[in-house]
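Trainee:
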Amino acid sequence: MTSRPFTTIENQWITLADGTRLAARIWMPDGAESDPVPAVFEFLPYRKRDGTSPRDESTYPVFAAAGIAGVRVDIRGSGESDGVIDGEYTQLELANACELIAWIAAQPWSNGSVGMMGISWGGFNCLQVAALRPPALKAVISIASTTDRYNDDIHYKNGCHLSAQLSWAATMLAYQSRSPDPEIVGDRWREMWMERLENEPFFLEEWLEHQRRDAFWKHGSIGEDFSDVAVPSLVIAGWADGYRNTPLLAVEGMSDRSKALIGPWIHKYPHFAWPKPRADFHGEAIAFWNRWLRGEANGTEAVPQVRAYILDAVKPAPRRDVDPGFWISKDSWQAPEMQNFYVEAFGSLTEGHPVPHAPAHPVTLKSPLDTGTAAGEWFTLKPDAELAGDQRHDDAGSLTVQTAPLTHTLDIFGRPELSVMLSSDAPVANLIARIVDVHPDGSATRVAFGVLNLTHRNGNEDPQPMKPGEPTPIRLTLDACGYRFRPGHRIRLSLSSAYWPMVLPAPTDAELTLDTATLGLALPKLGAHETFEMKQPDNPNPLPTYIEHAPSETRRQVLRDLQVDRTSYTIYEDTGLFEHPGTGLSTRQVRDEIWTISPVDPQSMTGTSVWTCDMQRSGWFVRTVSTSRIACTETHWLISASVIAYEGEIKVFEKTFPQKAIPRDLM
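Residue 486 in the UniProt record's numbering sits at position 486 of the sequence shown; the count goes up by one each step and never skips.
Put into C-alpha cells, the structure is as follows:
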C-alpha cells in the first residue's frame, strides 16, 4: 500500500451548537480537500495533549498514511475543551458526539463516512453512539468495552460492589482536576482550571445512588436492545482484562453485523498489549475502515465471526510477557456444548451430572475476609501483579474440590456455569467461584471467575434478601475464558464468601452452607474450529519515545499485621516524569492507594486513593492532589473526597466533598 503524506493539526477548535468549544487533534491526509477521505473519530475525557498522546501517535499517523483522517476530541471539561464534565456516558456527552460526527461529515475534506473507535471509555461510547444512529456513522471498532454497564464495568458485578468503583472515581477526580495547556488555550487557562476545580463532580456519589440495575445503568447499555446498533462493529478484548465478556455478547446480540477478536491481552490496544502475542491492529482496522467507510471490496465481511487466543496451561508469574497458546476461529458463534462435573465425594470433582436425590452433603463456608489478595485488578494496565497470581494463597480460605490428574487434553471456550443449593445465616452474602488450573508442581492459575451477591440471585433489578437458613438454588455464570487444560493437570473449583479487595464485603460476616451433593460445574467445550496464525504488528515497538526526567515505579504489597489482626493491600504507581518532545509539556501522575480490613470484621473495611498530578514546562508548574475515601457500617457506605491545587509552590484552590452516608441497598 502506498503511504500517503499527511499533516498533523495540533489543535482544531470545534464549536458546538450551545457555544462550547471542544479541542480536537487531527491527522489529515494531504490533498483531502480535492480528494475527500473517510475519518475515524475518538471522543474521550483522557486529554489528547498528554494523557492519550502516546497511543494516539502510535495509530492515527498510520491511518492518515493510509488515507484515513483521524479526529481525536476531548470531551467537555477535559484537556483543552471548555466546560465541566457532567458524568459518565451522559445524554449530553452522546449528543455532543453525534454533533461532532455531523461536523466531521460536513467538512470539505470528508467523504461523508465516519467511523468511531476507542478503548474503554471510547469503546463504550462508540457503541452507545452507534445505537443513536447518527447518519454519517458507518462502522465502529470497540475495544475493552461493555454491552451491560451494570454487570461488565468497574462499578458492580452481579450485585457485588467492586473496589474498582472507588479506584476509578479517584482516577476521574484526578484526571478532571488537571489544568488545560496554556500553550493551546492562552491566558484563559487559569479561569478554565478554576471552573473545573470548583464544579467537577465526585462520580462515586452518583454511582452509589444506583446500587441495583436501574434506568441509570440501562442508559447506554446496548444489550437492552442490540437491534439499535445497525452498523458493522469489530469488538475486541483480552483475557487478562475485566471486559472479556463483551465480544461474545456482541456477536450473540448482533450476529449479522459484529465480529469478535479476543487475545491474551491486558487493557491495551492489541498492537502494543501484553502478554504477547500481539495482533496487527493497524492492518485489521484499516481493512475494516476501507470496507465500511470507502466501500472497498476487500473481503473483510468474510472474516470469521469469532477469533480467539486459547491460553495453554499458563503458569502464574510476577510478570507475564508472553502467554503460551494458539489462535482459533469460528465462522459463526453457537452456544457451546458443555462438559459437566459434579462432586462424587467431598473433594473429588468428577465428569458427569449431580446424582438426583443424592443424600445431602452440607459443608459450611466462611472465608477470612481478606481472601482474594491474589485476584489482581479487575481491569489491568500492566502484565505484572495486576494479573491474578498463584491461587494457592486464596484457595487456603476457600472451599475447594478438584479432579484427579487429567488423562486427556480439555479445551474450553465460553462461559462456565455453576449450580448449587445453599443457605446463608444472613440476609446478604456474596459467593465467588473460581476455576483453577492446578499444575503438576502445585502452582495454580486462575482460568475464570464469577461473583454473585446472593440477593441478586434472580436478577439485578429487584434484589431479594436471603431467608436465613433456607436452602436456595443458586446459578452463577462465570466470565468467559479460552483455555487448554493439559494431561497431568487438575481442574479445581474454588468457592469463597469473600474476594477482597476486588469485591467489597457484605454488611455482616455471613456463613454459607453448601450442599455439595447438588454442586454442578459446566465447562464450555471449544468445539469445531479452525486454527490460524495471527498476523503480528509490523512495528514491534509502536509507542513513541518521550524524554525521561524521572523514572516510573510500581509497588504492590500485602501486609498482614498479626498483632492487630488487620490486612493492608497497598498500590503505588508512579508514571515518572516524561516530556513530550514536540510540545515541551512534562507530566507525572502518582497513585497511592491502600485498602485495609480485619479478616473477621466486614465493617472494618477502608479504602483511600490519593492522586498527585504534575504538569510543567519552563517557567510553569501546576499540581493537583486529590484524595478519595470509602468506609462502611452495617447499614451505610461512607464516602468523602478532597482536591488541592498548586501553582508553583502556592496553594491556589482547596475543596472538600463532605462525607456522605449512603444507605447500602442489599449490598
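The beta-carbon is built from N, C-alpha and C at its ideal position, and this holds for glycine as well.
1. By Cβ distance below 6 angstroms, which residues in the same chain neighbour Cys160 in space, the five residues on each side in sequence not counted?
2. Where DSSP assigns a beta bridge to Lys330, which residues make up the other side?
3. Between the C-alpha atoms of His439 and Gly607, what's the straight-line distance to the nearest angstrom?
4. In terms of residue numbering, what span does the alpha helix (DSSP H) encompassing Gln165 cover?
5. At which residues does the alpha helix (DSSP H) containing Pro658 begin and terminate?
6. Tell me whether Asp152 is buried or exposed, calling it buried when 16 or more other Cβ atoms sit within 10 Å of its Cβ.
7. Smallest Cα separation from Glu195: which of Lys655, Lys660 and Ser497?
8. In the DSSP assignment, what residue or residues form a beta bridge with Val600?
9. Per DSSP, what are the beta-bridge partners of Asp35 in this structure?
10. Is it buried or exposed for Asp565, if we count other Cβ within 10 angstroms and need 16 for buried?
11. Could you check how far apart the C-beta atoms of Ser419 and Arg475 are, in whole angstroms? I think they sit under 8 angstroms.
12. Residue range of the beta strand (DSSP E) that Asn430 falls in?
13. Who pairs with Trp27 in a beta bridge, going by DSSP?
14. Rounded to a whole number of angstroms, what is the C-alpha to C-alpha distance between Phe449 and Arg434?
15. Using only alpha-carbon positions, find the residue among Ala360, Arg484 and Ala374 that is nearest to Ile412.
16. Sort Ser179, Arg457, Phe63 and Thr7 by Cα distance to Gly51 and report the nearest one.
17. In the DSSP assignment, the alpha helix (DSSP H) including Leu406 goes from what residue to what residue?
18. Exposed or buried, Val643, counting other C-beta atoms within 10 Å across all chains shown (16 or more means buried)?
19. Just tell me which of Met466, Met667, Leu349 and Lys382 has its CA closest to the CA of Leu399.
20. Please report how far the alpha carbon of Asp538 lies from the alpha carbon of Val355, in whole angstroms.
21. Where does Pro473 land, buried or exposed, given buried means 16+ other C-beta within 10 angstroms?
22. Which class does Glu634 belong to by DSSP, given the choice of helix, strand or coil?
23. What is the rounded straight-line gap between the Cα of Thr518 and the Cα of Phe341?
24. Quick check on Asn290: buried or exposed, where buried means 16 or more other Cβ atoms within 10 Å of its Cβ?
25. Go ahead and pull the three-state DSSP assignment for Thr455.
26. Flag this pair as touching only if the segment 65 to 84 and the segment 14 to 27 have three or more C-beta atom pairs under 8 angstroms; answer yes or no.
27. Compare the C-alpha of Leu512 against each of Leu495, Trp109 and Ala522 and name the closest.
28. Counting pairs of beta carbons, one from the segment 457 to 469 and one from the segment 585 to 597, are three or more of them closer than 8 angstroms?
Mentor: So, to answer that:
1. Within the sequence shown, the letter at position 160 stands for residue 160. Spatial neighbours of Cys160 in its own chain (CB-CB distance under 6 angstroms, excluding positions within 5 residues in sequence) are listed in chain order as Asn430, Val451, Asn453 and Val503.
2. Within the sequence shown, the letter at position 330 stands for residue 330. BP columns for Lys330 point to Val306.
3. By one-based count along the sequence shown, residue 439 stands at place 439. By one-based count along the sequence shown, residue 607 stands at place 607. Cα-Cα distance, rounded: 34 angstroms.
4. Within the sequence shown, the letter at position 165 stands for residue 165. Here the alpha helix (DSSP H) through Gln165 covers Ala164 to Gln176.
5. Sequence index remark: in the sequence shown, residue 658 carries index 658 (1-based). Not the alpha helix (DSSP H): Pro658 falls in the beta strand (DSSP E), residues Ile650 to Pro663.
6. Stepping through the sequence shown from its first residue, residue 152 is reached at position 152. Using a 10 angstroms sphere on the CB of Asp152, the tally of other CB atoms reaches 16 or more, which defines it as buried.
7. Taking the sequence shown and counting its residues from 1, one reaches residue 195 at position 195. The residue among Lys655, Lys660 and Ser497 with its C-alpha nearest the C-alpha of Glu195 is Lys655.
8. As a position in the sequence shown, residue 600 is number 600, starting the count at 1. Note: Val600 sits in no beta bridge, so no partner.
9. For the purposes of this step, residue 35 is taken as the residue at position 35 of the sequence shown. In DSSP, Asp35 forms no bridge with anything.
10. Taking the sequence shown and counting its residues from 1, one reaches residue 565 at position 565. Asp565 is exposed by the Cβ-count criterion.
11. Mapped onto the sequence shown, residue 419 falls at position 419. Mapped onto the sequence shown, residue 475 falls at position 475. Correct: roughly 5 angstroms between the Cβ atoms.
12. Taking the first residue of the sequence shown as position 1, residue 430 is located at position 430. Looking at the DSSP string, the run of the beta strand (DSSP E) that includes Asn430 is Asn430 to Val438.
13. The sequence position of residue 27 within the sequence shown is 27, counting from 1. Answer is Thr8 and Gly70.
14. For the purposes of this step, residue 449 is taken as the residue at position 449 of the sequence shown. For the purposes of this step, residue 434 is taken as the residue at position 434 of the sequence shown. Their backbone Cα atoms lie some 4 angstroms apart in a straight line.
15. Residue numbering aside, residue 412 sits at position 412 when the sequence shown is read from its first letter. Of the candidates Ala360, Arg484 and Ala374, the one whose C-alpha sits nearest the C-alpha of Ile412 is Arg484.
16. Counted from its first residue, the sequence shown places residue 51 at position 51. The alpha carbon of Gly51 has as its nearest neighbour, out of Ser179, Arg457, Phe63 and Thr7, the alpha carbon of Ser179.
17. Your numbering for residue 406 matches position 406 in the sequence shown. Note, Leu406: premise wrong, no alpha helix (DSSP H); not H, not E.
18. For this step, residue 643 is matched to residue 643 along the sequence shown. Buried, because 16 or more other Cβ atoms sit within 10 Å of the Cβ of Val643.
19. Taking the first residue of the sequence shown as 1, we reach residue 399 at position 399. Here the closest residue by C-alpha is Leu349.
20. Here residue 538 is taken as the residue at index 538 of the sequence shown, counted from 1. Here residue 355 is taken as the residue at index 355 of the sequence shown, counted from 1. Rounded to whole angstroms, Asp538 and Val355 show a C-alpha spacing of 55 angstroms.
21. Residue numbering aside, residue 473 sits at position 473 when the sequence shown is read from its first letter. Around the beta carbon of Pro473, fewer than 16 other beta carbons sit within 10 angstroms, so the residue counts as exposed.
22. To locate residue 634, count along the sequence shown from 1; it is residue 634. Glu634 falls in the coil class under three-state DSSP.
23. Position 518 of the sequence shown, counting from 1, holds the residue named residue 518. Position 341 of the sequence shown, counting from 1, holds the residue named residue 341. Their backbone Cα atoms lie some 11 angstroms apart in a straight line.
24. Numbered from its first residue, the sequence shown carries residue 290 at position 290. Asn290 comes out buried.
25. By one-based count along the sequence shown, residue 455 stands at place 455. Thr455: helix per DSSP, three-state reduction.
26. At 8 angstroms Cβ cutoff, the stretches touch.
27. Within the sequence shown, residue 512 is the residue found at index 512, counting from 1. Closest by alpha carbon: Leu495.
28. Touching, no.
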